[in-house]
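Here the protein sequences line up with chains A and B, keeping their order.
Note that my numbering has the first sequence beginning at 2, numbered continuously upward.
Note that my numbering has the second sequence beginning at 857, numbered continuously upward.
All C-beta atoms, glycine included, are put in the ideal place defined by N, C-alpha and C.
To start, the structure itself, in structure tokens.
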Amino acid sequence: MRSTADAVIIGGGVIGSSIAYHLAKEGMRNVVLLERYSFCTGSTGRCGAGVREQWGSERNCRLAQASINAFEHLAEELGYEGDIEFKQKGYLILAHTEKEWEQFKKNVALQNSLGIASKLLTPQEAKEIVPILNTDGMLGATYNKRDGHCNPFHTTWAYAQAARRLGVELQYFTEATGIRLEGGRVAAVNTTRGTISTPVVINAAGPWAKPVAQMVGVDLPVYTQRHQILATEPTGPIIDPMVMSFSIGIYCQQTPHGSVVMGMGDPNEPKGYDIGSSWEFLREMSRIILRLLPALESLKVVRQWSGLYTVTPDAHPILGGVPGIDGYYQAVGFSGHGFMLAPAVGRIISELVVGKTPFIDITGLDLGRFERGELQVEPSVV
Amino acid sequence: MKRSVEEKNWLEQQNVIVCRCEDVTLDEVRRAIAQGATTLDELKRLLRVGMGPCQGRTCRELLARELAEHLGKPVGEIMPPTFRPPAKPVKLGLVSRLAEDVPRAGGDSSLEGGESR
């Protein structure tokens with residue numbers, strides 16, 4: 002392992018790997034990426050693999066839009082020989098309550114003003130896109146064709162391997178155990194394989210972002226919470242878009258592989274680090290999904306798992322540096338939608354580290370917003 | 857288990873399927889190992905080996921042997937992959953209906969508990 006680096010990244014998920022690639026692309030190649038286990042062991046490899054532009058805040062819309070732009074040519078950009086399984090068959094977001102229908106009208110107006118081509122659909126129009134959808138009780142839906150799916154494992158691996166080819170050292174199965182500050186500046190990172198002297202450290206530790214931030218005395222206002230998910234056996238094409246409902250709290254998408262992946266948020270889920278799977282989830286998920294998509298009844302569940310959301314008070318990520326700690330940067334608190342923002346976030350953080358103005362304005366996504374009380378909560382989260 | 861040179865050559869010439877559920881060949885496994893995969897979970901993530909209906913019952917040991925050989929370690933030192941419920945594929949419709957009929961045993965919510973039978 003290198004003993005001196007220009008930057009050390011903590012976290013080998015999609016965020017850390019994207020940052021590693023973008024730093025190298027900016028010319029900063031003496032970079033070490035530390036990962037306690039292997040790539041995609043934290044939240045990235047456990048996520049629902051959806052990517053969408055349909056958000057309720059301008060900041061999330063812009064980050065997501067730039068990321069979809071990047072996903073469209075990512076495999077070529079990264080010289081990846083495998084398949085990142087990017088599919089753009091849309092997100093169909095269902096409205097079952099007056100309140101969410103009113104919110105969706107605002108969301109679509111905002112999205113359209115930013116150049117996102119989402120639209121409001123009647124239940125009948127939604128059924129034309131997903132013929133097996135039960136539209137009983139539905140008031141309408143929103144749809145955006147550019148949204149869709151991408152494989153988190155292959156995307157992360159593609160970023161990491163491209164970074165490695167540019168000179169980044171990938172240190173898997175290596176844990177960051179401490180960060181040494183000298184006179185308010187980052188000086189070194191201690192690891193289970195030795196110490197790396199570095200003026201820059203980037204916290205991309207996903208669910209472990211809070212303990213990593215504590216290494217430099219920063220208290221992140223985030224908590225972790227289990228979200229459960231399951232996958233069925235593969236079948237022929239039956240559902241094109243991601244089908245999602247915020248009021249019911251579910252999402253369901255058929256992957257290019259043919260399996261159907263579905264997940265559900267549970268408002269009663271305790272905070273913490275439990276990543277077990279429960280029988281109750283299997284039962285509730287199957288009941289709810291069969292009301293919306295009864296034709297899935299005979300599909301077999303082959304696997305269930307769970308992962309952690311790292312949630313901030315406004316469901317927006319925390320990006321950038323922290324005043325008073327030179328050389329410390331963070332890309333944390335993605336609140337369940339880090340994978341789909343990773344291309345834009347990796348570029349933004351690398352631009353900050355090399356002293357450039359980020360290509361997307363991240364005003365209001367800093368840690369200081371919580372103290373200033375400038376919170377605009379993202380409404381569109383499962 | 858050590859293989860003879862002849863056996864290795866023969867295997868390399870064949871389009872040997874290692875994971876029957878996901879149609880993954882030995883050649884694909886070896887390429888992933890050459891790229892840096894050192895664990896069964898990493899092979900799963902890159903190749904989908906062990907993620908099909910049998911959940912790795914067929915390929916797990918074959919893959920462990922490949923990794924062991926590449927890393928020069930005994931098979932026993934290869935970390936097992938994560939095992940995930942359900943133990944057998946089960947229809948969504950069945951899960952949703954059975955839950956109505958089967959009384960819950962105690963307060964145990966884990967899938968290893970009695971109610972998952």
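Measure the C-alpha to C-alpha separation of A/Lys100 and A/Gly266 and round it to an integer number of angstroms.
Answer to the nearest angstrom: the Cα atoms are 19 Å apart.
At the level of alpha carbons, what is the spacing between A/Ile69 and A/Gln172?
Each residue's Cα considered, the two are about 28 Å apart.
Quick one, which of A/Ala188, A/Ala50, A/Lys106 and A/Lys26 has its alpha-carbon nearest A/Leu95's?
Residue A/Lys106 is the option with its Cα nearest to A/Leu95.
Straight-line CA distance for A/Ala127 to A/Glu270?
Cα to Cα, the separation comes out at about 31 Å.
Can you round the beta-carbon distance between A/Ile299 and B/Lys947 to whole angstroms, since I take them to be within the 8 Å contact cut?
Note that residue 299 of chain A is Ser in the sequence shown here, rather than Ile. About 6 Å separates the two Cβ atoms, so the contact holds.
Can you give the beta carbon distance from A/Val333 to A/Met29, rounded, assuming they're within the 8 Å contact cut?
Not quite, the Cβ-Cβ distance comes to about 21 Å (not below 8 Å), so this is no contact.
Taking the Cβ atom as the reference point for each residue, do A/Ile85 and A/His155 lie within a distance shorter than 8 Å?
Contact flag set, yes.
Going by CA-CA distance only, name the one from A/Pro318, A/Thr157, A/Ala163 and A/Ile349 that's closest to A/Leu366.
Considering only alpha carbons, the answer is A/Pro318.
For a cutoff of 8 Å on Cβ pairs, would you count A/Leu297 as touching chain B?
Chain B, which has a Cβ nearer than 8 Å to the Cβ of A/Leu297, makes this yes.
Flag this pair as yes or no: are the beta carbons of A/Arg373 and A/His23 separated by less than 8 Å?
Result no, Cβ atoms of A/Arg373 and A/His23 do not sit closer than 8 Å.
Taking the straight line between their C-alpha atoms, what separation do you get for B/Met907 and A/Val312?
Cα to Cα, the separation comes out at about 29 Å.
CB-CB under 6 Å to A/Arg186, same chain, minus the five flanking residues each way: which ones, in chain order?
Asp327 and Gly328.
Looking only at its chain, what residues have a beta carbon closer than 7 Å to the beta carbon of B/Asp930, apart from the 5 residues adjacent to it on each side?
Reading off the sequence, residue 930 of chain B comes out as Pro, not Asp. For B/Pro930, where only same-chain residues beyond five positions count, the Cβ hits under 7 Å are Ala924.
Return the residues of the segment 896 to 917 of chain B that lie within a Cβ-Cβ distance of less than 8 Å from chain A, sorted by chain order.
If the cut-off is 8 Å between Cβ atoms, the segment 896 to 917 of chain B has Asp897, Glu898, Arg901, Leu902, Arg904, Met907, Gly908, Pro909 and Gln911 near chain A.
Go ahead and label A/Asn108 buried or exposed: buried means 16 or more other beta carbons lie within 10 angstroms of its beta carbon, across all protein chains shown.
Buried.
Note down, in chain order, every chain B residue with its Cβ under 8 Å from the Cβ of A/Val346.
None at all; the shortest Cβ gap to chain B is about 21 Å.
Which residues in the same chain have their Cβ closer than 6 Å to the Cβ of A/Gly339, if we skip the five residues on either side of it in sequence?
Result list for A/Gly339: Ile16, in chain order.
Whole angstroms are fine: how far does the CA of A/Ser260 sit from the CA of A/Gln305?
Answer to the nearest angstrom: the Cα atoms are 12 Å apart.
Taking the alpha helix (DSSP H) that A/Gly141 falls in, what are its first and last residues?
Counting along the chain, A/Gly141 falls outside any alpha helix (DSSP H), though it belongs to the beta strand (DSSP E) covering Gly141 to Asn145.
Comparing the C-beta of B/Pro941 with each C-beta of chain A, is any distance below 8 Å?
Chain A, which has a Cβ nearer than 8 Å to the Cβ of B/Pro941, makes this yes.
Where does the unbroken alpha helix (DSSP H) through A/Thr156 begin, and where does it stop?
A/Thr156 -> alpha helix (DSSP H) spans Pro153 to Arg166.
Going by alpha carbons, who is nearest to B/Lys1015 out of B/Leu896, B/Gln911, B/Trp866 and B/Gln870?
Absent from the model: residue 1015 of chain B. The displayed extent of chain B is 857 to 973, so no value can be given.
Would you say B/Ser966 faces chain A, with C-beta separation under 8 Å as the test?
Caution applies to B/Ser966, whose pLDDT of 40 falls short of 50 and renders its modelled position unreliable; the model cannot decide the point.
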